[in-house]
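Visitor:
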Amino acid sequence: VKLIVTFSRKAGRKPIIAQVVKDTGVLINVERALIDSSEGEALIDIPDESCALVKKRLAELGASVRVPEEVITLDESRCIDCGACISICPQEVFTFGGDWKLVVRGEKCVLCGRCIDICPQGALSQKEKAEPNSSQGC
Amino acid sequence: MDKTIARIRERIRDGNATVVTAEEMPAIVAELGEEQALREVDVVTTGTFGAMCSSGAFFNFGHADPPIKMEKIWLNDVEAYGGLASVDAYLGATQKSATREESYGGAHVIEDLIGGKSVELRALSTGTDCYPRRTLTTDLLLENLNQAIMLNPRNGYQRYNAASNSTDRTLYTYMGMLLPNGGNVTYSGSGLLNPISNDPRLRWIGSGVSAFLAGAPGMVVGEGTQHSPASGFSTLMVTGDMKAMNPDYLRAATMKGYGVTLYIGLGIPIPVLDLETVRATAVRDEDIFVDVIDYGIPSRSRPSLKKVSYAELKSGFVELNGEEVRTSSLSSYRKAREVAQLVKFWVEKEILPVCLPTRRIDLQKSAMPLRETVQGPRVLDIMDRVVISIGEDEEIRTAATKLLKGETNHLPVVEESGRLVGIVTTYDISKAVAKPGKASVVRDIMKKRVITTTPEEAVDVAVRKLEKNNISALPVIDSEHHVIGMLTANNLGRLFGRWLK
């Protein structure tokens with residue numbers, strides 16, 4: 001499951017994610033992170049069964065945790081199935097189906113936004129999920 | 139066997155013709171053999187759907203009252219060329235909007251018109267006795283125009299070189315986003331479905347021949363601009379009536395960092411009249427090769443990294459420098475297939491008549507580079523030749539003194555041999571002073587990754603480096619990596635005095 005962790009750095013530069021890994025023993029994959037002098041946001045991927053544990057420990061350390069509400073969305077009426085997005089996606093979200101139709105596997109997406117930027121048809125956007133995750137993902 | 143175009147047309151009329159797509163042909167020939175395939179197959183259809191920048195349309199707006207000789211013309215703020223009589227214009231697909239820049243252009247105007255949307259025409263004139271009016275603004279639909287004739291100077295490229303990028307920064311090109319360090323390969327073209335790849339000697343594709351153009355029955359005018367058959371890059375000029383076009387087969391697009399372009403569906407039927415045609419139309423993706431060009435080199439003669447076939451490109455991966463690199467197509471193969479299928483249907487229904495060219499297209503030509511009689515400024519023309527540099531082991535204070543004395547903000551750091559190893563700026567020194575740490579000598583604070591230029595480099599290319607990297611100076615180095623000059627933002631001012639009179 002993917003979670004967005006936000007934390008303030010005002011209280012000091014605590015290695016929060018490293019601390020959680022150490023305390024819980026759960027291996028956390030940081031897929032995207034943006035950290036500046038005052039705050040930070042990281043998109044992490046963890047095994048589903050460890051979700052509650054990791055969330056609890058993150059919260060204890062002062063981070064706030066939420067499930068990503070947005071997802072990469074393809075406007076089928078605009079997409080021409082060129083495939084410009086395929087090779088530039090760091091997560092291999094896009095592939096061709098057997099009939100050369102673009103297949104989007106949104107669950108792998110880390111919302112880096114690169115494909116939105118470069119789609120020649122402007123067919124990709126970041127939209128709220130149609131069905132919000134129940135119980136915060138775990 | 140004597141097969142004639144008249145016989146093929148007769149069979150089409152009688153509903154007995156065998157029309158197949160170029161994708162089906164390799165298997166047919168493999169199964170039946172060439173002789174039998176020649177007897178069975180009457181027409182092979184082709185198709186492509188990709189970005190074709192060299193496209194546009196002629197319009198005739200009709201006369202206003204009082205009449206105006208439109209000299210400056212805009213359609214939805216996209217300028218069209220008005221130097222044609224009084225109410226004619228040519229709108230180019232890549233022309234950018236005066237107000238919306240990259241997000242809207244000539245291609246979008248064309249798509250909007252075909253999609254039934256209203257477009258604002260604005261025109262200016264100096265006024266004459268016969269055309270007194272000076273300004274005009276009106277909203278127009280496609281049906282309000284007397285003519286809207288698409289005429290694309292260069293479409294249907296036989297094939298197009300693939301692209302990659304050896305530099306360490308991302309490039310945004312008309313070949314899409316190119317990741318650093320050869321991180322991806324992009325390509326364009328439908329390979330075995332491409333019209334000219336199925337008729338490389340242009341025996342059947344020539345002036346007057348039927349073509350599917352953006353959903354309309356159109357026509358090949360003749361050779362396209364930059365037609366270069368000698369190097370395997372033939373092109374076609376094609377035309378069609380915009381009023382009959384279909385937005386499913388024409389799409390405006392924006393290539394980030396490059397600009398506006400137009401995706402067009404183009405397909406041409408090829409009559410199968412002899413064995414040479416059977417062989418040509420049995421072409422496979424494995425047989426069509428292109429170079430992977432390094433777009434990291436900002437020069438006309440960009441080096442080729444390797445040769446690859448369309449089969450490799452379409453597989454999703456190519457091997458580059460021993461690594462599997464993912465590929466992206468910029469054209470749509472699914473749409474190209476749709477076009478070839480539609481051409482097949484249109485041939486069977488006689489919407490696209492199969493005919494012979496009224497004039498053959500030249501097969502010897504090779505596109506020439508531009509003859510430039512005035513060389514643009516090069517770095518050596520404007521660089522500072524007096525270079526104040528510093529050694530790695532010198533104290534930071536010495537660097538500060540040198541910067542002050544030299545009235546410069548950049549100090550190249552050189553070894554004893556004179557080789558460039560780093561650069562120190564006033565910013566680096568300020569930082570070292572503001573946050574005193576362990577740093578004591580130049581080596582501790584210098585930037586080791588230096589972006590450089592050479593004396594022969596065009597100033598425009600060097601300026602691009604300054605802009606892209608958000609820096610204000612470039613050390614000018616020779617082939618031994620010795621600093622022989624500095625190019626700073628200040629030097630660029632000299633351009634105005636000497637070059638841009």
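So the sequence lines, in the order shown, correspond to chains W and G. Sequence positions in the first sequence follow my numbering and run 1 to 138. Sequence positions in the second sequence follow my numbering and run 139 to 639. Quick reminder that beta carbons are idealized off the backbone N, C-alpha and C, glycines included.
Cβ of S135 (chain W) less than 8 Å from any chain G Cβ?
Guide: Numbered from its first residue, the first sequence carries residue 135 (chain W) at position 135. Caution is warranted here: a pLDDT of 47 is assigned to S135 (chain W), below 50, making its placement in the model unreliable, and the coordinate value is therefore given only provisionally. Output row for S135 (chain W): interface = no.
Visitor: Anything in chain W within Cβ reach of V477 (chain G), meaning under 9 Å, just list it in chain order.
Guide: For the purposes of this step, residue 477 (chain G) is identified with residue 339 of the second sequence, where counting begins at 1. Here the premise fails: no neighbours, minimum Cβ distance about 12 Å.
Visitor: Is V323 (chain G) close to chain W? Criterion is C-beta to C-beta, closer than 8 Å.
Guide: Numbered from its first residue, the second sequence carries residue 323 (chain G) at position 185. Yes, its Cβ sits closer than 8 Å to a Cβ of chain W.
Visitor: Would you kindly report the start and end of the unbroken beta strand (DSSP E) that includes S568 (chain G)?
Guide: Reading the second sequence from its first residue, position 430 is the one you call residue 568 (chain G). Not the beta strand (DSSP E): S568 (chain G) falls in the alpha helix (DSSP H), residues 564–572.
Visitor: Check for me: the beta strand (DSSP E) holding E554 (chain G) runs from which residue to which?
Guide: Translated into the one-based positions of the second sequence, residue 554 (chain G) becomes position 416. Careful: E554 (chain G) lies outside any beta strand (DSSP E) and carries neither H nor E.
Visitor: Any C-beta of chain G sitting closer than 8 Å to the C-beta of G83 (chain W)?
Guide: As a position in the first sequence, residue 83 (chain W) is number 83, starting the count at 1. Answer yes: the Cβ-Cβ gap between G83 (chain W) and chain G drops below 8 Å somewhere.
Visitor: Check Y295 (chain G) in the structure and name its three-state DSSP category.
Guide: As a working mapping, residue 295 (chain G) is identified with position 157 in the second sequence. The answer is coil: DSSP assigns Y295 (chain G) none of H, G, I, E or B.
Visitor: Using a Cβ-Cβ cut-off of 7 Å (strictly less than) and excluding sequence neighbours within five positions of T419 (chain G), which residues of its own chain qualify?
Guide: Indexing the second sequence from 1 puts residue 419 (chain G) at position 281. Annotation for T419 (chain G): A160, M163, V182, N336, I408, V410 place their beta carbon closer than 7 Å to its own, counting only its chain and skipping 5 residues before and after.
Visitor: Can you check whether the CB of I252 (chain G) is closer than 8 Å to the CB of P385 (chain G)?
Guide: Residue numbering aside, residue 385 (chain G) sits at position 247 when the second sequence is read from its first letter. Residue numbering aside, residue 252 (chain G) sits at position 114 when the second sequence is read from its first letter. Closer than 8 Å, so yes.
Visitor: With a threshold of 7 Å on Cβ separation, who are the neighbours of N332 (chain G) within its own chain once the five nearest residues in sequence on each side are excluded?
Guide: Locating residue 332 (chain G) in the second sequence gives position 194, counting from the first residue. Result list for N332 (chain G): T184, T186, Q296, R297, in chain order.
Visitor: Going by the C-beta, is N608 (chain G) closer than 7 Å to any heavy atom of the ligand ADP?
Guide: Here there are no bound small molecules, and the ligand ADP is not part of this structure.
Visitor: In angstroms, rounded to a whole number, what distance separates the CA positions of G244 (chain G) and V257 (chain G)?
Guide: By 1-based counting over the second sequence, the position of residue 244 (chain G) is 106. By 1-based counting over the second sequence, the position of residue 257 (chain G) is 119. Straight-line Cα distance between these residues: approximately 11 Å.
Visitor: Quick check on L124 (chain W): buried or exposed, where buried means 16 or more other Cβ atoms within 10 Å of its Cβ?
Guide: What you label residue 124 (chain W) is simply residue 124 of the first sequence in a count that begins at 1. Taking a 10 Å sphere around the C-beta of L124 (chain W), we find 16 or more other C-beta atoms and assign the residue as buried.
Visitor: Skipping 5 residues on each side, what residues in its chain have a beta carbon closer than 7 Å to that of L490 (chain G)?
Guide: In the second sequence, counting from the first residue as 1, residue 490 (chain G) sits at position 352. Correct list, in chain order: S348, F350, P355, P407, V481, W484.
Visitor: Taking all protein chains shown into account, decide if G171 (chain G) is buried (16 or more other Cβ within 10 angstroms of its Cβ) or exposed.
Guide: Your numbering for residue 171 (chain G) matches position 33 in the second sequence. Residue environment analysis places G171 (chain G) among the exposed positions, since fewer than 16 neighbouring C-beta atoms fall within 10 angstroms of its C-beta.
Visitor: Ignore the nearest five residues each way along the sequence and tell me which others in L518 (chain G)'s own chain have a CB closer than 8 Å to its CB.
Guide: Reading the second sequence from its first residue, position 380 is the one you call residue 518 (chain G). Taken in chain order, the residues that qualify are P593, E594, V614, G623.
Visitor: Check whether the Cβ of G314 (chain G) lies closer than 8 Å to any Cβ atom in chain W.
Guide: Along the second sequence, one-based indexing puts residue 314 (chain G) at 176. Chain W contact via Cβ: present.
Visitor: Figure out for me which residue from G:R238, G:G320, G:P204, G:A301 has the closest Cα to the Cα of Y269 (chain G).
Guide: Walking along the second sequence from the start, residue 269 (chain G) turns up at place 131. Distances from the alpha-carbon of Y269 (chain G) to those of G:R238, G:G320, G:P204, G:A301 put G:P204 closest.
Visitor: Taking P164 (chain G) as part of the alpha helix (DSSP H), name the residues at either end of that continuous run.
Guide: Position 26 of the second sequence, counted from the start, is the residue given in the question as residue 164 (chain G). Unbroken alpha helix (DSSP H) run through P164 (chain G): 163–170.
Visitor: Do the region 570–586 of chain G and the region 596–604 of chain G meet, that is, are 3 or more Cβ pairs less than 8 Å apart?
Guide: no
Visitor: Cβ atoms of M313 (chain G) and I118 (chain W): under 8 Å apart, would you say?
Guide: Here the question's residue 118 (chain W) lines up with position 118 in the first sequence. Here the question's residue 313 (chain G) lines up with position 175 in the second sequence. Their beta carbons are not under 8 Å apart, which means I118 (chain W) does not touch M313 (chain G) by this criterion.
Visitor: Give the list of continuous beta strand (DSSP E) stretches no shorter than 3 residues that lie fully inside the region 67–100 of chain W.
Guide: 70–74, 94–96
Visitor: Let's see if you can read the secondary structure: which residues bound the alpha helix (DSSP H) around N607 (chain G)?
Guide: Residue 607 (chain G) sits at position 469 when you count from the first residue of the second sequence. Unbroken alpha helix (DSSP H) run through N607 (chain G): 597–607.
Visitor: Exposed or buried, N284 (chain G), counting other C-beta atoms within 10 Å across all chains shown (16 or more means buried)?
Guide: Position 146 of the second sequence, counting from 1, holds the residue named residue 284 (chain G). Answer is exposed; the Cβ neighbour count stays below 16.
Visitor: Check whether chain G comes within 8 Å of S125 (chain W), counting only Cβ atoms and requiring the distance to be less than that.
Guide: The sequence position of residue 125 (chain W) within the first sequence is 125, counting from 1. Not one chain G Cβ lies under 8 Å of S125 (chain W).
Visitor: Would you mind sorting S470 (chain G) into buried or exposed? The rule is 16 or more other CB atoms within 10 Å of its CB.
Guide: Mapped onto the second sequence, residue 470 (chain G) falls at position 332. Under this definition S470 (chain G) is a buried residue.
Visitor: Is there a C-beta anywhere in chain G that falls below 8 Å from the one on G122 (chain W)?
Guide: For the purposes of this step, residue 122 (chain W) is taken as residue 122 along the first sequence, with counting starting at 1. Yes, G122 (chain W) lies at the interface with chain G (some Cβ there is under 8 Å from its Cβ).
Visitor: Do you know offhand how far L222 (chain G)'s Cα is from L111 (chain W)'s?
Guide: In the second sequence, the residue the question calls residue 222 (chain G) occupies position 84. In the first sequence, the residue the question calls residue 111 (chain W) occupies position 111. Whole-angstrom Cα-Cα distance: 49 Å.
Visitor: Taking a contact to mean a Cβ-Cβ separation below 8 Å, would you say M380 (chain G) touches L280 (chain G) in this structure?
Guide: Here residue 380 (chain G) refers to the residue found at position 242 when the second sequence is read from its first residue. Here residue 280 (chain G) refers to the residue found at position 142 when the second sequence is read from its first residue. Taking 8 Å as the Cβ cut-off, M380 (chain G) and L280 (chain G) qualify as a contacting pair.
Visitor: Kindly say whether K10 (chain W), judged by its beta-carbon, lies nearer than 8 Å to any beta-carbon of chain G.
Guide: As a first step, residue 10 (chain W) must be located in the first sequence, where it is residue number 10. Not closer than 8 Å to any Cβ of chain G, the Cβ of K10 (chain W) fails to qualify, so no.
Visitor: Enumerate in chain order the residues of its own chain whose CB-to-CB distance from H246 (chain G) is below 6 Å, with the five nearest sequence positions on each side excluded.
Guide: For the purposes of this step, residue 246 (chain G) is identified with residue 108 of the second sequence, where counting begins at 1. Closer than 6 Å at Cβ, skipping near neighbours: A390.
Visitor: Give the DSSP-derived three-state secondary structure of N154 (chain G) in the structure shown.
Guide: Position 16 of the second sequence holds residue 154 (chain G). N154 (chain G): coil per DSSP, three-state reduction.
Visitor: Mind the definition here: the region 434–449 of chain G touches the region 303–313 of chain G only if three or more C-beta pairs lie below 8 Å; say whether that holds.
Guide: yes
Visitor: Note the first and the last residue of the continuous alpha helix (DSSP H) segment covering E594 (chain G).
Guide: If you number the second sequence from 1, residue 594 (chain G) lands on position 456. Unbroken run through E594 (chain G): none, as it is neither H nor E.
Visitor: Interface residues of chain G around I118 (chain W) at Cβ under 7 Å?
Guide: Counting from 1 along the first sequence, the entry for residue 118 (chain W) is found at position 118. Those are G314, M315, K394, listed as they occur along chain G.
Visitor: Under 8 Å between C-beta atoms, does S447 (chain G) make it to chain W?
Guide: Stepping through the second sequence from its first residue, residue 447 (chain G) is reached at position 309. Closer than 8 Å: no.
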